[in-house]
Amino acid sequence: EGLVVALRKQAEALRVRHKLQVETDFGAEPEVPLPCKEALYRIAQEATHNVVKHAKAEQITLSLQNDQELTLEINDNGQGFDPHQTFAGHLGLRSMRERIEKLGGRFELESTLGQGTTLRAIVPCR
């Protein structure tokens, strides 16, 4: 099973278990090394877990774009948060960033209180 199939299953689980409106845009399975696929899948798991646990979102969008770089983007319409604030005992954001940076990629996070959050994990895997 590839990354796209795994992400589709994750999206369906969000719909069924958590009653979220989920939009997806994945395209074809990317031809990248397995460590890149595993890292992006783990980031998607952690990010969607955070949406369910903290965001109070009704809608989430997951996309995977394969252009010059492979980009996983997760966007929610939840309550947002201050991305510069540290949360004692919560290592999810840091672990996602470290996972991507080990692959030479970038981790981008945009969030505004009351307006939701957008997370991007970008890897140069080829």
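Quick note: the sequence shown uses our numbering, first residue 6, plus one each step. For glycine and all other residues, C-beta sits at the position ideal for the given N, C-alpha and C. In this text the structure is predicted, and so the values were computed from the model without any measurement.
Coarse secondary structure for residue i, derived from DSSP in three states
| i | result |
| --- | --- |
| Gln73 | coil |
| Gly5 | Examination of residue 5 is not possible in this model, given that the chain is present from 6 through 131 alone. |
| Gln64 | strand |
| Val82 | The identity of residue 82 in the sequence shown is Asn, whereas the question assumes Val. Three-state result, Asn82: coil. |
| Leu19 | helix |
| Val37 | coil |
| Gln5 | Past the edges of the chain, shown from 6 to 131, lies residue 5, and the structure says nothing about it. |
| Leu114 | strand |
| Gly121 | strand |
Rounded Cβ spacing between residue i and residue j (contact assumed at less than 8 Å)
| i | j | result |
| --- | --- | --- |
| Ile65 | Leu19 | 6 Å |
| Phe31 | Val9 | 5 Å |
| Ala60 | Gln26 | With 8 Å as the limit, Ala60 and Gln26 do not qualify as a contact, their Cβ atoms being about 13 Å apart. |
| Pro129 | Gly97 | No, Pro129 and Gly97 are not in contact; Cβ-Cβ is about 23 Å, not under 8 Å. |
Selected residue, minimal CA-CA separation from residue i, among the options
| i | options | result |
| --- | --- | --- |
| Glu78 | Lys58, His59, Arg111 | Arg111 |
| Asn71 | Lys61, Thr53, Cys41 | Cys41 |
| Leu118 | Leu108, Leu96, Gln90, Arg104 | Gln90 |
| Pro35 | Thr122, Ser68, Arg102, Gln120 | Ser68 |
| Asn80 | Asn55, Glu74, Arg104 | Asn55 |
Strand pairing of residue i, partner residues [DSSP]
| i | result |
| --- | --- |
| Ala126 | Leu77, Phe112 |
| Val27 | Ile65 |
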